[in-house]
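If you count the sequence shown from 1, position 169 lands on 1141 in my numbering, and the numbers rise without skipping. Idealized CB from N, CA, C, for every residue including glycine. Nothing here was measured: the structure is a model prediction, and the numbers come from that model. What follows is one structure encoded as structure tokens, with my remarks underneath.
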Amino acid sequence: MSSSTSPAVPKHLNFITGNKNKLAEVQAILEGVIELRNQNVDLVEVQGTVEEVTIDKCRRAAEAINGPVLVEDTCLCFKAMNDLPGPYIKWFMLALGPLQMHKLLEGFEDKSAQAVCTFGYSAGPGHEPILFQGRTDGKLVQSRGPTVFGWDSCFEYEGQTYAEMDKTEKNKISHRGKALDKLKKWLASQVET
Ligand SMILES: O=c1[nH]c(=O)c2ncn([C@@H]3O[C@H](COP(=O)(O)OP(=O)(O)OP(=O)(O)O)[C@@H](O)[C@H]3O)c2[nH]1
Ligand SMILES: [Mg+2]
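Given below as structure tokens:
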């Protein structure tokens, strides 16, 4: 889901996020690819589809720092709930925490969940954001492993929760890793042309 409407070739990426765990993963995945800088700006997040949320977040970030930005929004979608909580997972995390999250699907047989990561890059205010999305299918389980990062301990992929995997392993198959693969390809194509 990327287009090439932006004219600028970034020399570094200014990742606007207040989430230290996200930042650490993005840094690890983009190590040696492009310089990553970070600013923590508290951005308003609107309601809508993940694409709408990310596009709006990206526009607000570009306005806030008056320059090129990278933002990211993460969703956790439950099939039994027609993809909710989706972009609103943060509020469920804050209310329930990782130890109670599995209770959300207690009344449902279908525990399937999809982690969705959408990056938005804008060359600056007025430049349309370009999106890069990655999705990983798994299921919602009772918390297993360290509860360091969000819902990592209750999202199971092929028998292991994200929290039980080592970071390199998670980054290879994760929603974030897949989205950043697309971003890396786009960056490479920008340099070549
Ligand atoms: O277990 C997890 N593994 C992940 O890989 C992951 N990525 C994000 N999250 C959590 O899901 C919500 C997304 O909300 P979100 O995208 O708006 O993030 P945020 O508000 O924390 O940061 P940002 O918006 O400043 O970038 C927040 O609760 C994040 O902690 C994750 N949890
Ligand atoms: Mg947020």
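Check	Outcome
For Met1065 and chain B, any beta-carbon pair shorter than 8 Å?	Annotation note: the requested chain B is absent from the structure, which comprises a single protein chain.
Confirm the yes/no value for this check: CB of Lys1062, any heavy atom of ligand 2, distance under 7 Å.	yes
Which class does Val1005 belong to by DSSP, given the choice of helix, strand or coil?	coil
Give the DSSP-derived three-state secondary structure of Phe1064 in the structure shown.	helix
Count the C-beta pairs between the segment 999 to 1017 and the segment 1139 to 1158 that are closer than 8 Å, then say yes if the count reaches three, no if not.	yes
Grab me the residues of Leu1159's own chain with a C-beta within less than 8 Å of its C-beta, minus the 5 sequence neighbours each way, in chain order.	Pro982, Val1005 and Ile1006
Looking at the secondary structure, which residues open and close the beta strand (DSSP E) in which Asn986 lies?	His984 to Ile988
Any chance you could list the alpha helix (DSSP H) runs of at least 4 consecutive residues sitting entirely within the segment 1040 to 1119, in chain order?	1061 to 1068
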